[in-house]
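Everything below concerns the one structure shown next.
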Ligand SMILES: Cc1cc2nc3c(=O)[nH]c(=O)nc-3n(C[C@H](O)[C@H](O)[C@H](O)COP(=O)(O)OP(=O)(O)OC[C@H]3O[C@@H](n4cnc5c(N)ncnc54)[C@H](O)[C@@H]3O)c2cc1C
Ligand SMILES: NC(=O)c1ccc[n+]([C@@H]2O[C@H](COP(=O)([O-])OP(=O)(O)OC[C@H]3O[C@@H](n4cnc5c(N)ncnc54)[C@H](OP(=O)(O)O)[C@@H]3O)[C@@H](O)[C@H]2O)c1
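Chains as they are written, first to last, in this note's numbering: chain A, 527 to 994; chain B, -2 to 248.
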């Protein structure tokens, strides 16, 4: 059969004109996809040209898309996939400084630098982020209480601003633009390259102490008492445990192992970087697989499996820092509805607020896999940098959970009242008017953007949603 | 922008005084929606709707819009979209007609089609084009179970909804990968002024319940929403009944 009455399979597909070809992009949570024109500039000149060519809906840089929400997407406008801008310009192996383009991933830096005895100064819970994304969100790691955020270790960076100029910024000479860019979510311009100060290590192994905490009080007491002894510290907390077990957790803390802690076999290649991975999670997993019952059973198993206490265990970097990277595309297990991450910080002294929040989440029976609790150190100078002294909690939740909007709006209120804030790199649903009280330098940020980018060349879905 | 929970910040309601439309608008304004455009024929009901949503804290503007005036849709809606992004368009206008009378008056029957089908086609196309340009947004189309299988009692109305439903499904498919989401909503019998004085069908529901189903559909990114949800199963059975059996059941 031919013509207009042909069955669907025979229907001719109309070809869209090329200028109209859009790609739907979303963040790691796979919620709220929007269409944009995506280009992958591989040189500085190409980035400048792409900025010029961007239409009235502006442009934003995108790294590896590991932010959970809508930070690295720009509906109806242009998105620059920065991963092609990935040259390593130089490595100073004596002083531990790498100069690289912004599309280079931390994974690549680790593979390159570990054999030379250097490690990235800060790594988030995944290595699959770019240097540009690490600066854009001013990411933190398990060493925040010791080392601060990523951008503190950036000695200088090149920034393409809306006027088409490439500026080299250092924290000393250009504190305003530098610290507006660090944590500025790509809205001050495109970071083209950065010089990063690295950390010297003797081995590629981490010496890890593991202990269990039976409840939230026990957990906070342990973290309070001994965090300062460790470079890296984090606790995995079971938010489905209730009653007396509320807030039970497993603490894993450690530091880079010195040479003399290695056995003969490990000494054969003390700086080797090995990753073991499973095959990627397949597409097309239906939603609703994760319920409070299935996730609760997993959490239970995981808690019981952890040793009550164990000292000085040698773990690989992927095992200690990036356990989820071993399961590529793990975000697909949430099905087509996607998921979101809620991460907030409340100041020290607001432990009661933290407890109320943990109780609320537990009461709501959110099917949340192990959440992460950590103590932050001093706040970072980035105007919109997230970390500030206090307790930070991060949990993943399926986006289709009934009542989720109201639950999280309520938690925001609790966080706000305690003087805390939520993390923009994870956010996908905050109330716009809650942002200013959380980020006191927001007005400065907006004013600077109005000054250096009056035509609003740089924008994103996040910027539109929250009027950044 | 819509957020991860499908909550829009701005809404365009086509059929600005529709009961289902307003029940949905109220719920959305209680969420993230601040900017509301009501498009409809001027009437006290439309003015009252604007006042009510304003009192709830929304910034409301009202636009003269006649679904039957097909050649005005580009201009009227073009102006609305020129004011800024629209995160959700709710196509809620529609007329039930008077089946028995309209069977005797072909032009009256055509008027039902003019609003429910043709008016929806033109306004949905104008909206879809604008949403596509902005790269995001949901177009929510109020279809009806009446379009699922023609009934003796309302096949003029039912056939317009069948056409609209097929059109909206195809439009949704054509917008795959553009960031634009089309959601087809199929309510059953909804108690309200449209159905006033008519015998209630089984599984009757309310405008508020339909609104709730729309919000859940937005949160899940659904392409099809039945209200109540159980109609999905019921109608998949009804669809396969042999004609003589169906004729005896349906009124
Ligand atoms: C499993 C997992 C664990 C995580 N753990 C942590 C953690 O422990 N700590 C933490 O802080 N974060 C964590 N994150 C979040 C992640 O580190 C940040 O979202 C990071 O920004 C992602 O980098 P990306 O290269 O994917 O950037 P994208 O997600 O693509 O972009 C993030 C932001 O940076 C901007 N950007 C990207 N490249 C540039 C550039 N070249 N110039 C200017 N702006 C740019 C984008 O516009 C956007 O606003 C985690 C994420 C996942 C998925
Ligand atoms: N009620 C039900 O049982 C039911 C069931 C399934 C589907 N639906 C569908 O759901 C939608 C909303 O229905 P409802 O229950 O909310 O009924 P409603 O309150 O009667 O709303 C219908 C709306 O359509 C508007 N309208 C009619 N003709 C128009 C025109 N030419 N131009 C502009 N607007 C016009 C009406 O505006 P005026 O005030 O100007 O007339 C009114 O706002 C309709 O599409 C309906 O078909 C309803």
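Built from N, CA and C at the ideal position, the CB exists for glycine as well.
Any C-beta of chain B sitting closer than 8 Å to the C-beta of residue i?
i                      : result
residue 560 of chain A : yes
residue 520 of chain A : Lying outside 527 to 994, the shown extent of chain A, residue 520 of chain A is not represented and no answer is given.
residue 578 of chain A : no
residue 990 of chain A : yes
residue 548 of chain A : yes
residue 602 of chain A : yes
residue 744 of chain A : no
residue 527 of chain A : Residue placement at residue 527 of chain A cannot be trusted, given a pLDDT of 43 that sits under 50; the coordinates are not used to answer.
residue 545 of chain A : For residue 545 of chain A, the predicted model reports a pLDDT of 41, less than 50, meaning its position is unreliable; a value from the coordinates is still stated below. Not closer than 8 Å to any Cβ of chain B, the Cβ of residue 545 of chain A fails to qualify, so no.
residue 536 of chain A : In this prediction, residue 536 of chain A has a pLDDT of 49, which is less than 50 and means its spatial position is unreliable; nothing more can be read from the coordinates.
Quick check on residue i - is its C-beta less than 8 Å from some C-beta in chain A?
i                      : result
residue -2 of chain B  : yes
residue 133 of chain B : yes
residue 229 of chain B : no
residue 28 of chain B  : yes
residue 130 of chain B : yes
residue 66 of chain B  : no
Quick one: list the residues of chain B neighbouring residue i, beta-carbon separation under 7 Å, in chain order.
i                      : result
residue 557 of chain A : 1
For residue i, go through chain B and note every residue whose CB falls closer than 9 Å to its CB, in chain order.
i                      : result
residue 954 of chain A : 0, 1, 2
residue 595 of chain A : 0, 1
Do residue j and residue i have their beta-carbon atoms positioned less than 8 Å apart in this structure?
i                      : j                      : result
residue 110 of chain B : residue 72 of chain B  : no
residue 595 of chain A : residue 609 of chain A : no
residue 709 of chain A : residue 663 of chain A : yes
residue 60 of chain B  : residue 120 of chain B : no
residue 919 of chain A : residue 899 of chain A : yes
residue 678 of chain A : residue 851 of chain A : no
residue 565 of chain A : residue 550 of chain A : no
residue 143 of chain B : residue 21 of chain B  : no
residue 888 of chain A : residue 944 of chain A : no
In the DSSP output, what is residue i paired with across the bridge?
i                      : result
residue 588 of chain A : A:607
residue 762 of chain A : A:776, A:898
residue 725 of chain A : A:645
residue 53 of chain B  : In the DSSP output, where bridge partners are listed per residue, residue 53 of chain B has none listed.
residue 685 of chain A : A:693, A:717
residue 33 of chain B  : B:8, B:57
residue 184 of chain B : B:224
residue 673 of chain A : Residue 673 of chain A pairs with nothing; no bridge assigned.
residue 917 of chain A : A:872, A:901
residue 234 of chain B : Beta-bridge pairing links residue 234 of chain B to no other residue.
What does residue i reach in chain B if we use C-beta pairs closer than 8 Å?
i                      : result
residue 987 of chain A : -2, 133
Counting only Cβ pairs nearer than 8 Å, list the residues of chain A close to residue i.
i                      : result
residue 175 of chain B : 548, 550, 561
Residue i to residue j, Cα distance in whole Å?
i                       : j                      : result
residue 746 of chain A  : residue 934 of chain A : 23 Å
residue 984 of chain A  : residue 715 of chain A : 7 Å
residue 704 of chain A  : residue 572 of chain A : 23 Å
residue 962 of chain A  : residue 695 of chain A : 26 Å
residue 65 of chain B   : residue 203 of chain B : 26 Å
residue 620 of chain A  : residue 811 of chain A : 49 Å
residue 954 of chain A  : residue 980 of chain A : 26 Å
residue 818 of chain A  : residue 902 of chain A : 29 Å
residue 171 of chain B  : residue 179 of chain B : 10 Å
residue 223 of chain B  : residue 183 of chain B : 5 Å
residue 750 of chain A  : residue 210 of chain B : 47 Å
residue 51 of chain B   : residue 25 of chain B  : 13 Å
residue 798 of chain A  : residue 792 of chain A : 9 Å
residue 255 of chain B  : residue 650 of chain A : Because chain B here runs from -2 to 248, residue 255 of chain B falls outside it and cannot be looked at.
residue 653 of chain A  : residue 630 of chain A : 11 Å
residue 684 of chain A  : residue 950 of chain A : 23 Å
residue 1011 of chain A : residue 866 of chain A : Nothing in the structure corresponds to residue 1011 of chain A, since chain A is present only between 527 and 994.
residue 538 of chain A  : residue 569 of chain A : Since pLDDT at residue 538 of chain A reaches only 47, below the 50 mark, its modelled position is unreliable, and no value is offered.
Name the chain A residues that come within less than 9 Å of residue i, Cβ to Cβ?
i                      : result
residue 218 of chain B : 557, 558, 559, 862, 863, 864, 925, 926
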